[in-house]
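Colleague:
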Amino acid sequence: MRMNMFEFFLKSQKILGMNSRNLNFIRSCNSRSAKRLADDKIMSKRALGKGEIAVPKLIAKIASTEALDKFDWTTLPGGFALKPNRGFGGEGILVVYGKKKNREDAWVKADGSIVTIDDLKNHIRNIIDGSFSLSNTPDIAFFEERLQLLKLFKPYAYKGIPDIRVVVYNKVPVMAMLRLPTKDSGGKANLQQGAIGVGIDLASGVTTTAVQGKNKIIEYVPGTRLLLSGIKIPYWKDILQLAVRTQEISKLGFLGVDVAIDKERGPVILELNARPGLSIQIANLAGLQERLRRVRGITIKTLERGVRLGMDLFGGEIEEELEGISGRKIISTVEKIKLTGKNGVEVEVEAKIDTGADWSAIDTDLARTLGLAETIEAFDARSLPYDKLKDMTKEERWNVFKDVPQIVSTIPVRSAHGFTYRPMVEMTILIEGVSLVTKVSLINRSELKYPVIVGKRDLGRFLIDVKK
Amino acid sequence: MNSTHAIIEYFVAQGVPLETVSLLLVLPVIATMIAFFRQVLGMKAFGIYTPLIVTFAFLATGIKYGIALFVIVILVGMVSRVLLRKLRILYLPRVAITLTIVAFVILALLVAGGAMKRTGLAAVSIFPLLIMITLVEKFVATQIEKGNQTALILALETMIISAVGYYLASWEMLKEFIIVYPWAILLTLPINILLGKWTGLRLSEYLRFREVLKRIT
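Just so you know, the protein sequences line up as chains A and B, in that order.
For the first sequence, our numbering puts the final residue at 468, and the numbers step up evenly by one.
For the second sequence, our numbering puts the final residue at 1217, and the numbers step up evenly by one.
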């Protein structure tokens, strides 16, 4: 029990909590001026633009009620996003997709509802009044270009644009998640409001585990059979590089970068977050504290190096995770295996993983090296033409071969020379650290590329990845 | 029983009521308790001011009426949100309307209580009542910023913390202790410095990250 408590304590040390985030990371890494930049969307847009980082284009901004009265509504395009400059948590954002047919003063939202100039004015007044800003201080409203949803994300996102949160620390991307708007979240990519957060493997940019809202671990897009794991995020390396570059420009030591992928423009930076939330740990089912600790204090000279380090340190977990979930090892179509024969002779050899075969088979020459020469000779000496063997009962057939040393059974196989019966012997096979005691047939495979095939009967404990 | 500390006797001799001295000295203890609830247990409540002032309101109204008032104020806040949503009006006017509704409801309650010969509530001084009424602004602001559910959770946390604060502040032993050893209050300073440097997980975070804890090796 005490051991368990200790283990539990060690585990909890890997998670980043609010206290540690505020004191060890935000307080000590993020200067006030840098935080101000991050909290001001227009300012950060300008700073990033100067650094040649792609951001959604600013269309117009309205800072006061006088400016609102004078605003020329005809300058607005069909689709745009209206945002509070110092908003947080995705609040106060209004997105329209196009102008209402035959009307100059009305736009259509994703859910089909109509937004008139009066609605916009009301919303802007609320923004200016500070209804959506941190601590309700007066704010600026701005219009920016609406991003276009990538085809890949279409089935996953409910009426909104998914974004990718990358947490960067000390020029190294340390954790990332894909945020998918849902019906519950009202099309907003905000976890607190019920959006989905999907963890991302940093090396490959492939999604892993997922959480909906605050704490619900899910596998599928709600209401569908669409798996959330295994989505390959396009432009992955570019996204990580953009995130690190954004950190350099913003001078925030610890930040969350929100990246969206536009259909035409590719990855663009949506906003910076000087106080990144902690839910990303639940989406990834991994601790941030541990990752930050590993990156702390390392001198990273170049952006590429930082990205590389992040990918190397915090990637490649997908396999282990899949293995963890299924309890099965992932192997490729060709694997190095170890066979243990008579008298403990061991041979390491490349084997073909063949889901088309029931039983595993090994080449007769290989069998000889494994000390099975006697078996092969004795079997061949007793062998009869196929037609004869075929018509025998199992018992009759067994009576023919039962004296062959090591034999455990016979099996009909089709080879280049037609059908034959071959002997099967007991064999220990070691694949990816998994040891199997099984029976294999002994066949002449000298014409074939691999001396061993591993068949279905022996593959129950593995998953086969054809790309590995 | 121990004797009152000389400095307290001096305060009283200068005309400061003992009750006031005692309340002022218990304030740092409650404030520290609220800080502890936030940093170690992870109960956020509505910051530190609201639970503190509600604690004092509870002390004035008694815990029974205090909690009843609290619940009523929050309920009215929730209902008026639904009523006012359609109007789509700016923040301050909206809070003003909500305050008006709360004030009317409380007044109606006092009258109804009086009619049913339950004058306990009406006998309460107006200030704790006002404190409870203005609580609604905090609630409405949180509703707008963080949504109804979060606001409700924070309100509940505030109520729990204030109730604990109430029992702490009305604990005779503590009151006596403070009057006998007023300097002991200074101990809250190092405690708060420790709390301010505490970087471990909050108790609530063990719950929040339970799925992560299960999966980490």
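Think of the CB as a built atom: it goes at the ideal place given N, C-alpha and C, for glycine as much as any other residue.
As the structure is a prediction and not an experimental result, all values here were calculated from the model.
Quick check: is the beta carbon of F1209/B nearer than 8 Å to any beta carbon in chain A?
Modeller: Yes, its Cβ sits closer than 8 Å to a Cβ of chain A.
Colleague: Quick one, which residues of the segment 1074-1096 of chain B are near chain A if we go by CB-CB under 7 Å, in chain order?
Modeller: Flagged, chain order: R1088, L1090 and Y1091.
Colleague: R21/A: which of E1205/B, R1210/B, I1216/B and T1217/B sits nearest, CA to CA?
Modeller: The residue with the shortest Cα to Cα distance from R21/A is E1205/B.
Colleague: In three-state terms, what does DSSP make of K14/A?
Modeller: Three-state result, K14/A: coil.
Colleague: Quick one: which chain B residues come within Cβ less than 7 Å of M469/A?
Modeller: Since the first residue of chain A shown is 1 and the last is 468, residue 469/A is not available in this structure.
Colleague: In chain B, which residues lie less than 9 Å from L23/A when you measure between Cβ atoms?
Modeller: Ordered by position in chain B, the residues that pass the 9 Å Cβ test against L23/A are G1196, K1197, W1198 and T1199.
Colleague: Below 8 Å, how does it come out for the segment 239-252 of chain A and the segment 212-227 of chain A: are there three or more Cβ pairs, yes or no?
Modeller: They do not touch, by the three-pair rule.
Colleague: Give a yes or no on whether the minimum CB-CB distance between V1212/B and chain A is below 8 Å.
Modeller: Chain A, which has a Cβ nearer than 8 Å to the Cβ of V1212/B, makes this yes.
Colleague: Would S185/A count as contacting chain B if we go by Cβ distances under 8 Å?
Modeller: Closer than 8 Å: no.
Colleague: For V169/A, which beta-bridge partners are listed by DSSP?
Modeller: It should be pointed out that residue 169/A corresponds to Tyr in this sequence rather than to Val. Beta-bridge pairing links Y169/A to V172/A and F254/A.
Colleague: D163/A: buried (16+ other C-beta within 10 angstroms of its C-beta) or exposed?
Modeller: Label assigned to D163/A: buried.
Colleague: Using the rule of at least 16 other Cβ atoms within 10 Å of the residue's Cβ for burial, across every protein chain shown, is V408/A buried or exposed?
Modeller: By the neighbour-count rule (16 or more Cβ atoms within 10 Å), V408/A is not buried but exposed.
Colleague: Do V483/A and I239/A have their C-beta atoms closer together than 8 Å?
Modeller: Any answer about residue 483/A is impossible in this case: the structure gives chain A only from 1 up to 468.
Colleague: Along the segment 1028-1059 of chain B, where does the CB come closer than 7 Å to a CB of chain A? Name the residues.
Modeller: Residues passing the 7 Å Cβ filter: Q1039.
Colleague: Under DSSP, the alpha helix (DSSP H) around N273/A begins and ends at which residues?
Modeller: Not the alpha helix (DSSP H): N273/A falls in the beta strand (DSSP E), residues G266 to N273.
Colleague: With 8 Å as the limit, tell me which residues of the segment 1139-1162 of chain B have their beta carbon closer than that to any beta carbon of chain A; keep them in chain order.
Modeller: Taking 8 Å as the Cβ-Cβ cut-off against chain A, the residues of the segment 1139-1162 of chain B that qualify are A1141, I1144, E1145, K1146, G1147 and T1150.
Colleague: Starting from Y97/A, trace the beta strand (DSSP E) both ways and give me its first and last residue.
Modeller: L94 to K99 is the span of the beta strand (DSSP E), which, as asked, contains Y97/A.
Colleague: Under three-state DSSP, which class holds G1113/B?
Modeller: Of the three classes helix, strand and coil, the one that applies to G1113/B here is helix, per DSSP.
Colleague: Measuring only between beta-carbons, confirm whether M18/A sits less than 8 Å from chain B.
Modeller: Taking Cβ atoms only, chain B reaches closer than 8 Å to M18/A, which makes this a yes.
Colleague: When you compare each of A274/A, I217/A and V440/A to D458/A by their alpha carbons, which one comes out closest?
Modeller: Out of A274/A, I217/A and V440/A, V440/A has the C-alpha closest to the C-alpha of D458/A.
Colleague: Measure the Cβ-Cβ separation of V1180/B and H1005/B and say whether it is below 8 Å.
Modeller: In contact: V1180/B and H1005/B (Cβ atoms closer than 8 Å).
Colleague: Report, in whole angstroms, the separation of the C-beta atoms of I196/A and T182/A, which I expect to be a contact under 8 Å.
Modeller: Yes, they are in contact, since the Cβ atoms of I196/A and T182/A sit about 6 Å apart, within 8 Å.
Colleague: Could you spell out where the alpha helix (DSSP H) holding F379/A opens and where it closes?
Modeller: Run containing F379/A: A373 to R382, per the alpha helix (DSSP H) assignment.
Colleague: Just how far apart, CA to CA, sit A1013/B and T1055/B?
Modeller: Distance between the alpha carbons of A1013/B and T1055/B: 28 Å.
Colleague: Report the neighbours of R1118/B on chain A: residues whose CB is nearer than 7 Å to its CB, in chain order.
Modeller: Per Cβ cutoff of 7 Å: no residues; R1118/B is ~39 Å from chain A at best.
Colleague: To the nearest angstrom, report how far apart M1001/B and T1199/B are at their CA atoms.
Modeller: Residue placement at M1001/B cannot be trusted, given a pLDDT of 49 that sits under 50; what the coordinates show is reported in the next sentence. About 41 Å.
Colleague: Would you tell me roughly how many angstroms separate the C-alpha atoms of L68/A and L202/A, rounded to the nearest one?
Modeller: Near 44 Å, if we compare the C-alpha coordinates of L202/A and L68/A.
Colleague: Taking 8 Å as the threshold (beta carbon to beta carbon), is A195/A in contact with chain B?
Modeller: Chain B contact via Cβ: absent.
Colleague: Using CA coordinates, which residue listed in P423/A, A34/A, I362/A and D40/A is at the minimum distance from E348/A?
Modeller: Checking every option, the nearest Cα to that of E348/A belongs to I362/A.
Colleague: Return the first residue and the last residue of the beta strand (DSSP E) that Y421/A is part of.
Modeller: Looking at the DSSP string, the run of the beta strand (DSSP E) that includes Y421/A is G418 to I431.
Colleague: Does the Cβ of K41/A have 16 or more other Cβ atoms within 10 Å, making it buried, or fewer, making it exposed?
Modeller: With 16 or more Cβ atoms within 10 Å of its Cβ, K41/A is classed as buried.
Colleague: Can you list the residues of chain B that A373/A reaches, using a CB-CB cut of under 9 Å?
Modeller: The premise fails here: A373/A is roughly 46 Å from chain B at the closest Cβ pair, so nothing lies under 9 Å.
Colleague: DSSP on Q241/A, reduced to helix/strand/coil?
Modeller: The answer is helix: DSSP assigns Q241/A an H, G or I state.
Colleague: Taking Cβ-Cβ distances below 9 Å as the criterion, which residues of the segment 219-231 of chain A are in contact with chain B?
Modeller: Of all residues in the segment 219-231 of chain A, none has a Cβ within less than 9 Å of some Cβ in chain B.
Colleague: In chain B, what lies closer than 9 Å to S12/A by C-beta?
Modeller: What S12/A touches in chain B: G1200, L1201, E1205, Y1206, F1209, L1213 and I1216.
Colleague: Is there a Cβ of chain B sitting closer than 8 Å to that of D129/A, yes or no?
Modeller: By this cut-off, D129/A is an interface position.
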